[in-house]
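Going down the list, the sequences are from chains A and B.
End of the first sequence sits at 1071 in my numbering; the numbers just go up one at a time, nothing left out.
End of the second sequence sits at 322 in my numbering; the numbers just go up one at a time, nothing left out.
We put the beta carbon where it would ideally sit given N, CA and C, even for glycine.
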Amino acid sequence: MKALDIALKDLTQSFRNLSVLAFIFLVPVLVTGMFYLMFGGLGGDDDEGFALPRTEVQIVNLDAGGLPADAGFLASVPQGSDLRGIHSMGEVLAQFLQGEGFAEVMAVTAAPDAASARTAVDSQEAAVAIVIPQNFTAALIDPTERAVVELYQDPTLTLGPSVVKGIVSQFVDGFSGSKVAIGANVEQLNDAGLAMDAAQLQVLVAQYLASAAGQGRQQIGGESRLLAVVSPTGEGDASPLVGAVGLIMAGMTIFYGFFTGPSSVQSILSEDEKGTLARLFTTPTPQSTILGGKFLATALTVLIQFIALLVFGSLVFGIEWGNPIAVGLVTLGIVAASPAFGIFLMSLIKRARQAGVVLGGVVTLTGILGLASIFAANRSPAAKLVSLFVPQGWALRGLELAMNGGGAGDVLPAVVALLAWSAVFFVIGVTRCRKRFA
Amino acid sequence: MSNGKAIQALDLHKSYDEIQAVRGVSFDVRQGEVFALLGPNGAGKSTIISMLCCLLQPSQGEAFVMGHSILKEPSEVKAAIGVIPQEVALYEDLSARENLIFWGKMYGLRGPALKQRVDEILELIGLRARQKGRVGKFSGGMKRRLNIGIGLLHRPQVVIMDEPTVGIDPQSRRNILDNVKELRGEGMTVLYTTHYMEEAQELADHIASMDMGEIIAQGTCDDLIKIVGECDRVDLTISASADRVLETWKATPGVYQVMPEDGKLGLLVDDSNLVLPKLFESASGAGVRITWVDIQEPNLEAVFLHLTGRALRD
Ligand SMILES: Nc1ncnc2c1ncn2[C@@H]1O[C@H](COP(=O)(O)OP(=O)(O)OP(=O)(O)O)[C@@H](O)[C@H]1O
Ligand SMILES: [Mg+2]
């Protein structure tokens, strides 16, 4: 009973926290949505699922250009594509953001210069100003150049700017690796309390890079990741779009599901620092109940996230997840494995300050391994094998089997594997934590 | 079973790696009394409290709370005490009421009894009007009052308060001191730590004065003051550096202690009527003018000064 009270208290706390909510629900949906848009299809009729506030964005493109005319990727842009006749990467970014795919999320207008764009933000006409620097294209070509895309945002707004920032980060990081950075106005971001933390960005970036590399190689067979963004998939199967989006949404849901566990278990560390954990220990509540409550809170968060994302995927993207019992079993496995993974990771961490880096790093790495088969577009047996060394791989395998029409019996091995992972993580984690907090 | 003693500490020791934070502390707290642990920063007050509420294992020694051993019966001890930690420990994302409800459940309260008790506590700590407000937006004093309220929810037999009045405005402080008196009125036992001697003097039936991990004196307030006998406490300021008179004054008959503290000199003297003229005389001799004098009846501050040669406050 007390464990449930603790769990409900934790849930109340996290569901009151806007950035937690954004990270649990919004980011996975946005990432999937981006892939959906990238693959070219956008049914005009089924997008009422997006109910995001539209963010006013002013964009200033100072990019002086300098793309070599015969640059490989421009040459391979299909006739009639939007990208024909473009001379700078700044224009590509501007077009990307103005694309109708983001029209629901943001209204982008061009501003003549940086000062007027910032003024627009200051006077609240716009929520975000994006300034693309003069050497943006140059930086992509010349390894010694560094360019910084500036994001100037209204500190009083919360959701919109962080969404825009996420989208721009993905774009910029995908193109440039480390050469172009986003120089957000750090003070303002911090004031707003909304700066995506390093771990979150890291995850986004890693994901984008990995998938862009995989998809890009797969579809265009080239080094030009740019084309992964704009190239339509057209060729091949009858319904490649829904299939691909389904797999990606499954991947994102698992990726973030395994992020939620560890980051929500972390609340033990912050309670430790705030003194509420010690206070809990002064009440007649057994230690196991307190840990159990934390575990339950995390499991419930993952469960809610999972259900919400699955329902969203099926309503908005028309994804068919498969036999409900099979999907339910896999969900159960994930709901056990993610918090157990969290407890295990937390037991390795000394201080809450390290948590972001360790959790972000390990979760991203294992996530990429686990989803390697998606990134390799299911063509690499090696990737499939590697993915089974991490729980995310088993989760994906389970969901994939269900999506391909598997029943409860088919997904059972994957579920058992997930539960075995959970047990191992749980036992090691709890043993270590008990020593720590005893 | 607990033979009238709410708390019995027997030779408690606690060492951290290098530091011996508590070195052999023994005291008894009788049921229904307010007992103050008085001591400066770092004296070891919070460490003692952590041991009494089973958060820390003593390195040596034992203690009983309502007759239950802190080593062998931690659950019984925890059920008997209400702890009010020195650092405010609340959930800032929850409202005051939600905090009380949650902590009440942790103390095993449920249903209508919980609801009623929460209402009573909100009244007691004067936060009824703000019960729906998020704690993160509360002032320091409001948080402190809520911090206290939580420790009282389950009507504990023993309330343990660790410096509940640090860093708050005089009005909230008054409110808290009055709460403590009410608690005693209701028959609760209160263990109260502080470094304000006025608080110990006003509230406590018994006081243990601590320094550097040890109890240097304990008893009723009057007992303690008798230690300094019929001394007077004299504070003065002088027109020049204290060095010019320090040695002469220390050697003056009737002067027990001379304590320079930020621009002032605190003296413990036998009888101010006899000693003051001598002080003026030797000051003139050294070419120093005494610019201000204050004479006080002996108090706990004087006791601490007498026993340690240092002021209670830093
Ligand atoms: N976790 C710890 N590790 C090492 N030393 C500690 C620890 N906690 C306390 N100490 C040391 O033990 C001594 C006593 O600390 P304690 O907190 O008990 O003092 P206190 O009387 O409560 O002081 P204050 O009035 O400042 O709260 C101090 O020297 C402190 O530095
Ligand atoms: Mg203390």
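When every heavy atom of ligand 1 is checked, does at least one fall within less than 8 Å of the C-beta of S217/B?
Numbered from its first residue, the second sequence carries residue 217/B at position 209. Not so, every heavy atom of ligand 1 lies at least 8 Å from the Cβ.
Measuring CB to CB, does L992/A end up less than 9 Å from F1058/A?
Numbered from 1 along the first sequence, position 359 holds the residue referred to as residue 992/A. Numbered from 1 along the first sequence, position 425 holds the residue referred to as residue 1058/A. Their beta carbons are not under 9 Å apart, which means L992/A does not touch F1058/A by this criterion.
What three-state label does DSSP hand Y99/B in the structure shown?
For the purposes of this step, residue 99/B is taken as residue 91 along the second sequence, with counting starting at 1. DSSP places Y99/B in coil when its eight states are reduced to three.
Output yes or no for whether 9 Å exceeds the beta carbon distance between G879/A and M1036/A.
In the first sequence, the residue the question calls residue 879/A occupies position 246. In the first sequence, the residue the question calls residue 1036/A occupies position 403. Against a cut-off of 9 Å, the Cβ pair of M1036/A and G879/A comes out as a contact.
Near ligand 1: E206/B beta-carbon under 8 Å from a heavy atom:
The residue given as residue 206/B occupies position 198 in the second sequence. False, no ligand heavy atom lies under 8 Å from that Cβ.
Using a threshold of 9 Å, state whether the C-beta atoms of G894/A and A988/A are closer than that.
The sequence position of residue 894/A within the first sequence is 261, counting from 1. The sequence position of residue 988/A within the first sequence is 355, counting from 1. For G894/A and A988/A, no; Cβs fall outside 9 Å.
Close beta carbons around A1015/A, own chain, < 7 Å, minus the five adjacent residues each side
Locating residue 1015/A in the first sequence gives position 382, counting from the first residue. Excluding sequence neighbours, A1015/A sits near nothing in its chain.
Is L726/A closer than 9 Å to F769/A when the C-beta atoms are compared?
Here the question's residue 769/A lines up with position 136 in the first sequence. Here the question's residue 726/A lines up with position 93 in the first sequence. Cβ distance < 9 Å, so F769/A and L726/A count as in contact.
For G1000/A, three-class secondary structure by DSSP:
The sequence position of residue 1000/A within the first sequence is 367, counting from 1. In this structure, G1000/A counts as helix in the three-state DSSP scheme.
Give a yes or no on whether the minimum CB-CB distance between I89/B and chain A is below 9 Å.
For the purposes of this step, residue 89/B is taken as the residue at position 81 of the second sequence. For I89/B, the answer is yes, since a Cβ of chain A falls inside 9 Å of its Cβ.
For Q226/B, verify whether its CB is less than 8 Å away from any heavy atom of ligand 1.
Within the second sequence, the letter at position 218 stands for residue 226/B. No, Cβ of Q226/B sits at least 8 Å from all heavy atoms of ligand 1.
Chain-order list of residues whose beta-carbon lies under 7 Å from that of I47/B (same chain, five-residue window excluded):
The residue labelled residue 47/B in the question sits at position 39 within the second sequence. Inspection of the sequence shows that residue 47/B is occupied by Gly rather than by Ile. Here the set comprises K53, H203, S217, M218, D219.
Assumed close pair M196/B, V242/B - CB separation to whole angstroms, cut-off 8 Å:
Taking the first residue of the second sequence as 1, we reach residue 196/B at position 188. Taking the first residue of the second sequence as 1, we reach residue 242/B at position 234. With 8 Å as the limit, M196/B and V242/B do not qualify as a contact, their Cβ atoms being about 39 Å apart.
Please state if the CB of A44/B and the CB of A201/B are separated by a distance shorter than 9 Å.
On the second sequence, position 193 is the one that residue 201/B refers to. On the second sequence, position 36 is the one that residue 44/B refers to. The amino acid occupying residue 201/B in the given sequence is Thr; Ala does not appear at that position. Yes, Cβ-Cβ distance for T201/B and A44/B is below 9 Å.
Taking only three categories from DSSP, how would you classify D905/A?
Indexing the first sequence from 1 puts residue 905/A at position 272. Here D905/A sits in helix by DSSP.
Measuring only from the beta carbon, is E222/B closer than 8 Å to any heavy atom that is part of ligand 3?
Only ligand 1 and ligand 2 can be found as ligands here, which leaves ligand 3 out of the picture.
Just to make sure I have the definition right: I need the residues of chain A whose C-beta is within less than 7 Å of the C-beta of E95/B. Which are they?
As a working mapping, residue 95/B is identified with position 87 in the second sequence. Residues of chain A passing the Cβ test: G908.
Is there at least one non-hydrogen atom of ligand 2 closer than 8 Å to the beta-carbon of T201/B?
Along the second sequence, read from residue 1 onward, the residue named residue 201/B stands at position 193. Yes, the beta carbon of T201/B sits closer than 8 Å to at least one heavy atom of ligand 2.
Rounded to the nearest angstrom, what separates N187/B and I133/B at their Cα positions?
Along the second sequence, read from residue 1 onward, the residue named residue 187/B stands at position 179. Along the second sequence, read from residue 1 onward, the residue named residue 133/B stands at position 125. In a straight line, the C-alpha of N187/B is about 8 Å away from that of I133/B.
With 8 Å as the limit, tell me which residues of the region 101 to 125 of chain B have their beta carbon closer than that to any beta carbon of chain A; keep them in chain order.
D101, L102, E106, F110, W111, K113, M114, Y115, G116
Rounded straight-line distance, which links the Cα of I235/B to that of K22/B:
Locating residue 22/B in the second sequence gives position 14, counting from the first residue. Locating residue 235/B in the second sequence gives position 227, counting from the first residue. Their backbone Cα atoms lie some 28 Å apart in a straight line.
Along chain B, which residues have their Cβ under 8 Å away from the Cβ of P794/A?
Your numbering for residue 794/A matches position 161 in the first sequence. The premise fails here: P794/A is roughly 22 Å from chain B at the closest Cβ pair, so nothing lies under 8 Å.
Name the residues in the region 907 to 935 of chain A whose C-beta lies less than 8 Å from a C-beta of chain B; which are they?
K907, G908, T909, A911, R912, L913, F914, T915, T916, P917, T918, P919
Using a Cβ-Cβ cut-off of 8 Å (strictly less than) and excluding sequence neighbours within five positions of N183/B, which residues of its own chain qualify?
Translated into the one-based positions of the second sequence, residue 183/B becomes position 175. I133, G134, R153.
What three-state label does DSSP hand W300/B in the structure shown?
For the purposes of this step, residue 300/B is identified with residue 292 of the second sequence, where counting begins at 1. Three-state result, W300/B: strand.
Contact set, ligand 2 heavy atom to C-beta under 6 Å
K53/B, S54/B, Q94/B, D170/B, E171/B
Which first and last residues belong to the alpha helix (DSSP H) in which L965/A is found?
On the first sequence, position 332 is the one that residue 965/A refers to. 957 to 980 is the span of the alpha helix (DSSP H), which, as asked, contains L965/A.
Between the region 639 to 651 of chain A and the region 922 to 938 of chain A, do three or more beta carbon pairs fall short of 8 Å?
yes
Tell me whether the beta-carbon of L1032/A lies closer than 9 Å to the beta-carbon of S1006/A.
Along the first sequence, read from residue 1 onward, the residue named residue 1032/A stands at position 399. Along the first sequence, read from residue 1 onward, the residue named residue 1006/A stands at position 373. The answer is no: Cβ separation not under 9 Å.
Could you list which residues in chain B have their beta carbon closer than 8 Å to that of D638/A, in chain order?
Position 5 of the first sequence, counting from 1, holds the residue named residue 638/A. Those within 8 Å of D638/A in chain B are F110, K113, M114.
Roughly how many whole angstroms lie between the Cα atoms of R138/B and A104/B?
Within the second sequence, numbered from 1, the residue matching residue 138/B stands at position 130. Within the second sequence, numbered from 1, the residue matching residue 104/B stands at position 96. Their backbone Cα atoms lie some 7 Å apart in a straight line.
Are the C-beta atoms of Y8/B and some chain A residue less than 9 Å apart?
Nothing can be reported for residue 8/B: it is not among the residues displayed for chain B, which extend from 9 to 322.
Just tell me which of V96/B, I129/B, V91/B has its CA closest to the CA of I109/B.
Start at 1 with the first residue of the second sequence, and residue 109/B comes out as number 101. For I109/B, the nearest C-alpha among the options comes from I129/B.
Counting along the chain, where does the alpha helix (DSSP H) carrying K642/A start and finish?
As a first step, residue 642/A is located in the first sequence; it is residue number 9 there, counting from the start. Element bounds for K642/A: 635 to 648.
Would R1065/A pass as an interface residue toward chain B - the criterion being a Cβ-Cβ separation below 9 Å?
Sequence index remark: in the first sequence, residue 1065/A carries index 432 (1-based). Chain B, which has no Cβ nearer than 9 Å to the Cβ of R1065/A, makes this no.
Please classify E906/A as buried or exposed, where buried requires at least 16 neighbouring CB atoms within 10 angstroms.
As a first step, residue 906/A is located in the first sequence; it is residue number 273 there, counting from the start. Result: exposed.
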